[in-house]
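K.L.:
Per full-length UniProt numbering: the sequence shown = residues 1 to 326. No residue lacks a Cβ here, since even glycine has one placed at the ideal position from N, Cα and C. Predicted model, so just to flag it, every value in this text is computed and none were measured. Quick one: the structure is below, and I'll ask about it shortly.
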Amino acid sequence: MSKKIMLSGIQPSGNLTIGNYIGAIRQWVALQNDYHNFFMIVDLHALTVPQDPAILRAKTLEVAKLYIASGIDPAQSTIFVQSHVPEHAELSWILSTITKMSELERMTQYKDKALRHKMNVNVGLFSYPVLMATDILLYQTDLVPVGEDQTQHLELTRILARRFNEQFGITFKAPEGYFPKHGARIMGLDNPQAKMSKSSTVPGHAIALLDDAKAVEKKIKRAVTDSGSEIKSGADKPALTNLLTIFSAVTGRAIAALEKEYKGAGYSAFKIDLADTVNAFLKPLQEKYHSLSDKKITSVLEEGARAAHAVAAKTLTDVRKKVGLI
Ligand code: TRP
1 MSKKIMLSGI QPSGNLTIGN YIGAIRQWVA LQNDYHNFFM IVDLHALTVP QDPAILRAKT
61 LEVAKLYIAS GIDPAQSTIF VQSHVPEHAE LSWILSTITK MSELERMTQY KDKALRHKMN
121 VNVGLFSYPV LMATDILLYQ TDLVPVGEDQ TQHLELTRIL ARRFNEQFGI TFKAPEGYFP
181 KHGARIMGLD NPQAKMSKSS TVPGHAIALL DDAKAVEKKI KRAVTDSGSE IKSGADKPAL
241 TNLLTIFSAV TGRAIAALEK EYKGAGYSAF KIDLADTVNA FLKPLQEKYH SLSDKKITSV
301 LEEGARAAHA VAAKTLTDVR KKVGLI
């Protein structure tokens, strides 16, 4: 295996958005040839906040289908469900014994989530970053494409890899973050200051990949705009910058060209075209999604789990030996 290893994952909760596609999945698809890829559905991570079991099951299959519908080719990339590879839970335990409380206490995502789920600050929410480090280290990952909100977790992963290697001998590769050159952060349609979230419950916040054409039209029509009437991007125009970024990402056209085309057009004409464009982009993706049967996806996930397990088991056997488990 001479290609570098790339790994990433998404939680099967909420509704995957066009922001997940533009900010993450699109990059994974583009890099499929260059790396050996593992794309996970991190169901164990999702359990750290309350989940309805039936919904979790459905969402796990939905995310797998959306990976494929978005262009991830299971013949090229390993797509699997975290909980199908039991090595994750076991290595996570071992790594938790070399992780300091203080290292987890300063994680900003933990602090945020602990505030938002005050009644359920469970141990899993606290040790979440150790499980994420496990996901990465089990596969001797070189590169991890993640958003800014995950850089602290990635840094912990590197620290744990180095700490383990120092204590027990070289075992893990310390991964690098992968921050794509053309990565775009898509913001909420209701609030261009906040990243578009797949778990927001605000009605017009996000465009879901499975939204129908009417919903998309309605959301884009209602999307907040900046004061003035110009179709222009820039630091003083966060809302239009966001809409232009979406337009550019789904068409491949440069923002400058779009600004030129829509000069003087007004917000309403621009939004109508944007809605049509987003719908034209979503249509084939949704057709592909609906063409995938549960049976097909189950077999992809079984094959993915087999391939992932083969790599994970090798790493874990080495770890067990090194720490003295007989
Ligand atoms: N914590 C990540 C997020 O919420 C998801 C994740 C879990 C992940 N394990 C991972 C991402 C391993 C990259 C690599 O976005």
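Please classify P53: does DSSP put it in a helix, a strand, or coil?
P.N.:
Of the three classes helix, strand and coil, the one that applies to P53 here is helix, per DSSP.
K.L.:
I'd like to know whether the C-beta atoms of D318 and T78 end up nearer to each other than 9 Å.
P.N.:
no
K.L.:
Which of the three DSSP states is assigned to H205 in this structure?
P.N.:
coil
K.L.:
Hey, out of T99, G204, L189 and M6, whose CA is closest to T157's CA?
P.N.:
The candidate whose alpha carbon is nearest that of T157 is T99.
K.L.:
Would DSSP call I186 helix, strand or coil?
P.N.:
DSSP places I186 in the coil class of the three-state scheme, outside both helix and strand.
K.L.:
Does the pairing of the stretch 248–258 with the stretch 218–230 give three or more beta-carbon distances under 8 Å?
P.N.:
no
K.L.:
Under 8 Å: does the beta carbon of H309 sit that close to some heavy atom of the ligand TRP?
P.N.:
Taking non-hydrogen atoms of the ligand TRP into account, the C-beta of H309 is found less than 8 Å away from none of them.
K.L.:
Provide the residue(s) that pair with I10 in DSSP beta bridges, ordered along the chain.
P.N.:
According to DSSP, which records beta bridges pairwise, I10 is partnered with I41.
K.L.:
On the CB-based measure, 16 or more other CB atoms within 10 Å of its CB, does K26 come out buried or exposed?
P.N.:
Here the sequence assigns Arg to residue 26, which means Lys is not the residue at that position. By the neighbour-count rule (16 or more Cβ atoms within 10 Å), R26 is buried.
K.L.:
Within 10 angstroms of its Cβ, does S268 collect 16 or more other Cβ (buried), or is it exposed?
P.N.:
exposed
K.L.:
Nearest-angstrom Cα distance between A161 and G147?
P.N.:
21 Å
K.L.:
Tell me, to the nearest whole angstrom, how far the beta carbon of W28 is from that of I68; I am working on the premise that it is less than 8 Å.
P.N.:
Incorrect: roughly 12 Å between the Cβ atoms, too far for contact.
K.L.:
Using a threshold of 9 Å, state whether the C-beta atoms of P192 and N242 are closer than that.
P.N.:
yes
K.L.:
For the stretch 304–322 and the stretch 79–91, state whether three or more C-beta atom pairs, one from each stretch, are separated by less than 8 Å.
P.N.:
yes
K.L.:
Pick out whichever of A64, S8 and A75 has its Cα sitting closest to the Cα of T33.
P.N.:
A small fix is needed here, since residue 33 is Asn in this sequence, not Thr. If we check each option's Cα against that of N33, A75 comes out closest.
K.L.:
Which of helix, strand or coil does DSSP assign to V224?
P.N.:
coil
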